[in-house]
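Protein chains in written order, with the numbering used here: chain U, 1 to 260; chain P, 1001 to 1168. C-beta: ideal position from N, C-alpha, C; glycine also. Note that the coordinates shown come from a computational prediction; the quantities given were computed from them, not determined experimentally. Working notes for the structure below.
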Amino acid sequence: MSRGDATVESIVNGGPGAALRRVGAVAVFLARVLAQIPAALLRPRLVVHQIYNAGARSLIIIMLCGLFVGMVLGLQGFDLLQRFGSEDALGVAAALGLLKELGPVVGALLFAGRAGTALTSEIGLMRATDQLTAMQIMAVDPLRLVVAPRFLGGVIALPLLVAVFNVIGLFGAQLIGVQLMGVDPGAFWSQMQAAVEIDDVTEGVVKSIAFGAACSGIAVYEGYHAPPTAEGVGLATTRTVVTSSVLVLLLDYVLTARFL
Amino acid sequence: MRPNRALEIGTGLFVLLGFAALLFLSTQLPGSGLRLGTPSGYLVTAKFDNVGDLKVGSPVSMAGVNIGRVEAVEFDAQHFRAVVRMRIQPQFSRIPDDSDASIQTAGLLGGKYVGIGPGGSDVYLRDGSTIEFTQSAIVLENLINRFFASFANRGGEGREEGGAPASP
């Protein structure tokens, strides 16, 4: 097994050349994973298991954070809009803010921290305990059996998590804006329904699918290529969070520019 | 590694919840149609020449207090006027039937609402009543046009009389 190149030292001492090589390695790895997606779809139980791990287990934290993000949005939006006497527009501000930006981005960042790290350390430990090597010896492709279902599970789970985040956030904003601050509920909902287009919902869904692919792709890559030591797995987990976060924010800008 | 029943049920619930949320976002936010609970109160109709961007769900207020909301905005094809149906909450049952209704704007960027000014009649509005006296929405562009028109007229007269009056 020729894995001497991805030692802890080479990651720490990597220069610009190493960064370029890493981008290339991630792309090649993702292409190989994508090629295994059809095979993974033939084993839906594995994918279901990963949707459970990545999605259902992140649900509580997503809902909690969605509530508080929505409540903050209600509070800040109300404070800003009432200066112009336009607190009726709070529903529009909260809905568009959540659907287009806050939902996908905050959801993806939470997902990277909650599910991405779990993926990386799980696959990294499989590598460290030679489980992946054992599969290869038995002529079972670990990309097909281990990596592809996890990648697919993440891509499916994140849009659903973001949708739940948005709905909870909207009710959080409504809770603060209407119940606490006294914005008229009819104006809150009717202005929101008048201003939000189906394209705004689509934009959020497209973004969350892209972020799901980015976060799970980075997570499985880092896990699969983690140095097979305790230190290496820890470092790979850290890199998953850092790289996913940067990638999500970068992709967010690109996708926003595309949709405007 | 056989996934067990509980896990599959958990996943199913999660996916169901996610799709329910997606459905809510894509059907309830765009367009209209959020109906929570059964409506209470009585219906009053008023016809306007122009309602501006009055929407279903906009507030109906009297003396600045919210007393109901707009339930429907329809078009009267015979008289080319807008028909606004308002649902007034039942506790505001003593509104004189010669009250007037006008379309007002809340704040600089706020939405339109219907303002009711009280009349002096002893007969009160009830379910199915019509408010006869209405004032349309003020269209800002028309107002600006009229302002400039009058401004230009005054300026013309001023020159004929030998220059505009000197400012103090």
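How big is the Cα-Cα spacing for residue i and residue j?
i, j, result
"Leu99(U)", "Val1083(P)", "34 Å"
"Leu1034(P)", "Ile176(U)", "Unreliable positioning characterises Leu1034(P) in this predicted model, as indicated by a pLDDT of 49, which lies under 50. A coordinate reading is not provided."
"Arg1146(P)", "Phe1075(P)", "27 Å"
"Gly182(U)", "Leu75(U)", "11 Å"
"Gln1028(P)", "Cys65(U)", "22 Å"
"Thr256(U)", "Arg57(U)", "29 Å"
"Gly1052(P)", "Leu102(U)", "33 Å"
"Leu1036(P)", "Gly204(U)", "Legend: pLDDT at Leu1036(P) = 49, less than 50; position of this residue unreliable, value from coordinates given subsequently. Roughly 26 Å between the two C-alpha positions."
"Val140(U)", "Thr133(U)", "10 Å"
"Val1056(P)", "Ile61(U)", "36 Å"
"Ala1046(P)", "Met192(U)", "25 Å"
"Gln131(U)", "Leu80(U)", "56 Å"
"Leu1007(P)", "Tyr52(U)", "7 Å"
Could you spell out the range, first to last residue, of the beta strand (DSSP E) harbouring residue i?
i, result
"Arg83(U)", "Element bounds for Arg83(U): n/a, residue is neither H nor E."
"Arg1081(P)", "1081-1088"
"Thr1134(P)", "1133-1135"
"Ala1106(P)", "Looking at the DSSP string, Ala1106(P) is not in any beta strand (DSSP E), and its letter there is neither H nor E."
"Ala1113(P)", "In the sequence as presented, Ala is not what sits at residue 1113(P); that position holds Tyr. Tyr1113(P) -> beta strand (DSSP E) spans 1112-1117."
"Met1062(P)", "1059-1062"
"Ala1046(P)", "1042-1048"
Given a cut-off of 7 Å, decide if residue j and residue i are closer than it, judged by their beta-carbon atoms.
i, j, result
"Val162(U)", "Pro104(U)", "yes"
"Leu152(U)", "Val220(U)", "no"
"Arg144(U)", "Leu119(U)", "no"
"Ser1040(P)", "Tyr1113(P)", "no"
"Gly116(U)", "Ala226(U)", "no"
"Leu1054(P)", "Ile1103(P)", "yes"
"Ala39(U)", "Leu73(U)", "no"
"Pro159(U)", "Ile209(U)", "yes"
"Gly113(U)", "Val241(U)", "yes"
"Val178(U)", "Phe171(U)", "no"
"Phe78(U)", "Leu90(U)", "yes"
"Ser1121(P)", "Phe1048(P)", "no"
"Asp1097(P)", "Ser1129(P)", "yes"
"Ile168(U)", "Leu250(U)", "no"
"Asp1099(P)", "Ile1088(P)", "For the record, residue 1099(P) in the displayed sequence is Ser; it is not Asp. For Ser1099(P) and Ile1088(P), no; Cβs fall outside 7 Å."
"Ala173(U)", "Val33(U)", "no"
"Arg1069(P)", "Gly234(U)", "no"
"Gly1111(P)", "Asp88(U)", "yes"
"Val1123(P)", "Met1086(P)", "no"
"Phe1092(P)", "Ile1067(P)", "yes"
Please find out if some non-hydrogen atom of the ligand MG comes closer than 6 Å to the beta-carbon of residue i.
i, result
"Thr1011(P)", "This structure lacks the ligand MG; in fact it carries no ligand of any kind."
Assign residue i to one of two classes, buried (16 or more other C-beta atoms within 10 Å of its C-beta) or exposed (fewer than that).
i, result
"Met126(U)", "buried"
"Tyr253(U)", "exposed"
"Gln283(U)", "Nothing can be reported for residue 283(U), as the shown portion of chain U is limited to 1 through 260."
"Gln1078(P)", "exposed"
"Met71(U)", "buried"
"Ala1152(P)", "exposed"
"Phe1014(P)", "buried"
"Gly228(U)", "The question names Gly, but residue 228(U) in the sequence shown is Pro. Flag for Pro228(U) reads buried."
"Phe1080(P)", "exposed"
"Gly212(U)", "buried"
"Val23(U)", "exposed"
"Ala236(U)", "buried"
"Leu1017(P)", "buried"
Taking the continuous alpha helix (DSSP H) assigned at residue i, which residues delimit it?
i, result
"Tyr221(U)", "198-224"
"Ala157(U)", "148-174"
"Leu1025(P)", "1005-1028"
"Phe1075(P)", "No alpha helix (DSSP H) contains Phe1075(P), which is instead part of the beta strand (DSSP E) from 1065-1076."
"Gly17(U)", "16-35"
"Leu251(U)", "230-259"
"Leu96(U)", "90-96"
"Ala194(U)", "185-195"
"Ile51(U)", "44-54"
Requested in this report: Could I get the ranges of all uninterrupted alpha helix (DSSP H) runs contained in the region 99-141 of chain U, with 4 residues as the minimum, in chain order?
Outcome: 103-111, 117-128, 131-137
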